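The structure appears right after this line, and notes come after that.
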Amino acid sequence: MNWLSDEAIARLQAAGTLPDASGTRYRIIERVGSGGMGAVYLAEDSVLARRVALKILDLPDARGELTQRLLREAHILARLEHPGIVPVHDAGTFADGRAFYAMKFVEGQRLDRLADSASRGAKSFPDRLRIFQRICDAVAFAHAHGVLHRDLKPENIMVGPFGEVLVMDWGVAKILASESASPAGVGTSPHAAPDSTAAGLAGQPSLANPVATVRTAHGAILGTLGYMSPEQLRGEIDRLDPRSDVYSLGALLQFLLDGRSPSTASTAPPDASTSTAQPSRAQSEMPPPENSAASAAPPIPPALAAIARKAMAPEPASRYTSAAELAQDVARFLDGMPVSAYPENLFRRLARLASRYRIALVLVLTYLLVRALLLFWLKR
Amino acid sequence: MKKILFGLILGGVLGAFDGMTAWFTPAVRPQIIGIIIGSSVKGLIAGILIGWFAKKVNSLPLGIAFGLVVGLLLAFLVAATQPPGQHYYFEIMLPGGLVGLIVGYATQKYGSSELAPVTRA
Numbered sequence: 001m002n003w004l005s006d007e008a009i010a011r012l013q014a015a016g017t018l019p020d021a022s023g024t025r026y027r028i029i030e031r032v033g034s035g036g037m038g039a040v041y042l043a044e045d046s047v048l049a050r051r052v053a054l055k056i057l058d059l060p061d062a063r064g065e066l067t068q069r070l071l072r073e074a075h076i077l078a079r080l081e082h083p084g085i086v087p088v089h090d091a092g093t094f095a096d097g098r099a100f101y102a103m104k105f106v107e108g109q110r111l112d113r114l115a116d117s118a119s120r121g122a123k124s125f126p127d128r129l130r131i132f133q134r135i136c137d138a139v140a141f142a143h144a145h146g147v148l149h150r151d152l153k154p155e156n157i158m159v160g161p162f163g164e165v166l167v168m169d170w171g172v173a174k175i176l177a178s179e180s181a182s183p184a185g186v187g188t189s190p191h192a193a194p195d196s197t198a199a200g201l202a203g204q205p206s207l208a209n210p211v212a213t214v215r216t217a218h219g220a221i222l223g224t225l226g227y228m229s230p231e232q233l234r235g236e237i238d239r240l241d242p243r244s245d246v247y248s249l250g251a252l253l254q255f256l257l258d259g260r261s262p263s264t265a266s267t268a269p270p271d272a273s274t275s276t277a278q279p280s281r282a283q284s285e286m287p288p289p290e291n292s293a294a295s296a297a298p299p300i301p302p303a304l305a306a307i308a309r310k311a312m313a314p315e316p317a318s319r320y321t322s323a324a325e326l327a328q329d330v331a332r333f334l335d336g337m338p339v340s341a342y343p344e345n346l347f348r349r350l351a352r353l354a355s356r357y358r359i360a361l362v363l364v365l366t367y368l369l370v371r372a373l374l375l376f377w378l379k380r
Numbered sequence: 001m002k003k004i005l006f007g008l009i010l011g012g013v014l015g016a017f018d019g020m021t022a023w024f025t026p027a028v029r030p031q032i033i034g035i036i037i038g039s040s041v042k043g044l045i046a047g048i049l050i051g052w053f054a055k056k057v058n059s060l061p062l063g064i065a066f067g068l069v070v071g072l073l074l075a076f077l078v079a080a081t082q083p084p085g086q087h088y089y090f091e092i093m094l095p096g097g098l099v100g101l102i103v104g105y106a107t108q109k110y111g112s113s114e115l116a117p118v119t120r121a
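Put into structure tokens, the structure is as follows:
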């Protein structure tokens, strides 16, 4: 005999597994997502009467490492105030010892799902490129503040109903050394020295300064296969600079163009999507997905494919030096201007100009045709 | 380029070109210089008017329509002033209207607005 429906039982079970937020200003409503170290919940801020997203560790963290990572992420977000980066409101610890932070609840669509619908015509080609430009803007802003995202992928981008773009999940972000020394500073060097997170700093988690106490074992991979730069994939943390994120942006651009993630099937370990494992030889030697943008359908303009190729060049020196430079090339493409990644000969230049001024060209040709027809008609 | 200046240059160039096509009509070839000058002046006047309109009204369809009307009107005046029996309304007004249409489109599409750039104090 069933006294409760299956739906009611499922709802009770879900409610039973929600974290205990008693003693805080938040009332947890439901679980909306999960990640490597915790989950994201929709909650209501009882003080400000608004909905927020709470990122909470799955379990109390006895060793404190995950707590450090979570609070470090909150601190990074707190220093990156930008329309394209999800704002953090609060951070703290629940009664059961689980750390959390509160951020804006973003209502929108993940980029991977959006691109999937875009391939069916929901978003036009230029619309997708404008989304990509906004992603580049947010990443360039983070770079200017000495932060590398290191896990840029479609699942970490949210697109709001009004076209707003938010870069999420800064859990594996890296602080560049020059910025760590002056957290309030605004650095502009695109190639700052490597950070101290690889050196193995130990310490207890602290709300005061979790950034300085987080450590990442030297050589560990943090990121997502297919979107990681070759140097990140090889675990060469000391070599990482903004050009590593530029590689990931190139992979994102390719995904936006053809709706497919860069291929990793042939070389990636079967259980690795977001990996924190030591790099294997096979992984380290994984070739970059070069030319894959060009082979996709529907046909991608060669200049745009060249932009994606340049961003995903195997050697950092061959890539764009910054996300801003990459965004500028995309903007030039959208404006019908020549792009730095695609040298033009005369024929290509004429084709681009004809495409850019096609309506004016049609009008002038119409005029010439009318003139010719009039002459022909007068001479009859 | 500012819309009025852009309209002026484009109207003048297209007007001159429109006048030069008279060279292909042997009957009027002796008056080719006068035709080119007259057609250029007509293009300049149309360019100024259309450029001024583009500065005031930021609308591609309205810009095109205004250009067409101005081009047709000026061409009509030119045709009407020809000696009796040589008005050639159709032959003059059709290309004249097209020139106005092109200038109307181009000034709206490619001419820059004259708003001052916002600068920080």
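Residue numbers (our numbering), protein chains in the order written: chain A, 1 to 380; chain B, 1 to 121. Where a beta carbon is used, it is the ideal one built from N, C-alpha and C, also for glycine. All values reported here derive from a predicted model rather than from experimental measurement.
Consult DSSP for residue i and reduce its assignment to one of helix, strand or coil.
i	result
alanine 123 of chain B	The structure shown does not extend to residue 123 of chain B, since chain B is modelled only from 1 through 121, so no value can be given for it.
alanine 91 of chain A	strand
isoleucine 300 of chain A	coil
phenylalanine 391 of chain A	What the structure shows of chain A is the stretch from 1 to 380, and residue 391 of chain A is not part of that stretch, so it cannot be assessed.
arginine 110 of chain A	strand
serine 248 of chain A	helix
lysine 153 of chain A	coil
proline 269 of chain A	Residue confidence is low: proline 269 of chain A scores 42 on pLDDT, short of 50, so the model does not pin down where it sits. No coordinate-derived value is stated.
glycine 185 of chain A	A caution first: glycine 185 of chain A carries a pLDDT of 34, below 50, which makes its placement in the model too unreliable to give a value.
phenylalanine 17 of chain B	helix
threonine 67 of chain A	helix
valine 381 of chain A	As shown, chain A starts at 1 and ends at 380. That puts residue 381 of chain A outside it, with no answer to give.
asparagine 17 of chain A	It should be pointed out that residue 17 of chain A corresponds to threonine in this sequence rather than to asparagine. Helix, per DSSP.
glycine 12 of chain B	helix
asparagine 209 of chain A	For asparagine 209 of chain A, the pLDDT reaches just 40, beneath the cut-off of 50, and the residue's location in the model is therefore unreliable, although a value from the coordinates is still provided. Asparagine 209 of chain A: coil per DSSP, three-state reduction.
isoleucine 9 of chain A	helix
valine 70 of chain B	helix
Taking residue i as part of the alpha helix (DSSP H), name the residues at either end of that continuous run.
i	result
arginine 27 of chain A	No alpha helix (DSSP H) holds arginine 27 of chain A; the beta strand (DSSP E) holding it covers 26 to 34.
valine 339 of chain A	Note, valine 339 of chain A: premise wrong, no alpha helix (DSSP H); not H, not E.
glycine 51 of chain B	32 to 56
tyrosine 320 of chain A	That residue, tyrosine 320 of chain A, is in no alpha helix (DSSP H); it is neither H nor E in DSSP.
lysine 379 of chain A	358 to 379
isoleucine 102 of chain B	89 to 110
glycine 86 of chain B	Looking at the sequence shown, residue 86 of chain B is not glycine but glutamine. Here glutamine 86 of chain B belongs to no alpha helix (DSSP H), and DSSP marks it neither H nor E.
proline 230 of chain A	230 to 233
Grab the span of the beta strand (DSSP E) containing residue i for me, first residue to last.
i	result
arginine 51 of chain A	50 to 57
tyrosine 41 of chain A	38 to 45
valine 159 of chain A	157 to 159
valine 165 of chain A	165 to 167
So residue i contacts chain B; which residues on that side make the cut at Cβ distance below 9 Å?
i	result
valine 370 of chain A	Leu94, Pro95 and Leu98
alanine 360 of chain A	Ile102, Tyr105, Ala106, Lys109 and Tyr110
leucine 363 of chain A	Leu98, Leu101, Ile102, Tyr105 and Ala106
leucine 148 of chain A	The contacting residues do not exist; leucine 148 of chain A stays about 30 Å from chain B at best.
Using a cut-off of 8 Å between C-beta atoms, extract the partners of residue i located in chain A.
i	result
threonine 21 of chain B	Arg371 and Leu375
Could you name the residues of chain B that residue i contacts, counting a contact when the two beta carbons are closer than 8 Å?
i	result
threonine 366 of chain A	Leu98
leucine 378 of chain A	Thr25 and Glu91
List the residues of chain A whose Cβ lies closer than 7 Å to the Cβ of residue i, in chain order.
i	result
phenylalanine 24 of chain B	Leu375
Determine the chain B residues that contact residue i at a beta-carbon separation under 7 Å, and present them in chain order.
i	result
leucine 48 of chain A	Result: empty, since nearest Cβ-Cβ is about 33 Å, beyond 7 Å.
- request: Evaluate contact between the stretch 133 to 145 of chain A and the stretch 344 to 359 of chain A, counting only Cβ atoms and requiring at least three cross-stretch pairs below 8 Å.
  value: no
task: Taking 8 Å as the threshold, find out whether the stretch 6 to 24 of chain B comes into contact with the stretch 45 to 59 of chain B through three or more Cβ pairs.
output: A contact exists between the stretch 6 to 24 of chain B and the stretch 45 to 59 of chain B.
message: I'd like to know if the stretch 40 to 58 of chain A and the stretch 102 to 118 of chain A are in contact, where contact means that at least 3 CB-CB pairs between them fall below 8 Å.
response: The stretch 40 to 58 of chain A is in contact with the stretch 102 to 118 of chain A.
- prompt: Would you call the stretch 322 to 341 of chain A and the stretch 75 to 85 of chain B touching, i.e. three or more CB-CB distances under 8 Å?
  reply: no
field: Three-pair Cβ contact test at 8 Å for the stretch 155 to 162 of chain A versus the stretch 93 to 102 of chain A
entry: no
query: Three or more C-beta pairs closer than 8 Å, one from the stretch 57 to 70 of chain B and one from the stretch 27 to 42 of chain B: is that the case here?
result: Verdict: no, contact absent.
query: Does the stretch 354 to 362 of chain A touch the stretch 13 to 32 of chain B, meaning 3 or more C-beta pairs lie closer than 8 Å?
result: no
message: For the stretch 301 to 312 of chain A against the stretch 250 to 262 of chain A, do three or more pairs of beta-carbon atoms, one drawn from each stretch, fall closer than 8 Å, so that the two count as touching?
response: yes
query: With contact counted as at least three CB pairs below 8 Å, one residue from each stretch, are the stretch 80 to 89 of chain A and the stretch 158 to 177 of chain A in contact?
result: yes
- prompt: Does the pairing of the stretch 121 to 138 of chain A with the stretch 63 to 75 of chain A give three or more beta-carbon distances under 8 Å?
  reply: For the pair of segments examined, the stretch 121 to 138 of chain A was found not to touch the stretch 63 to 75 of chain A: the number of CB pairs separated by less than 8 Å stays below three.
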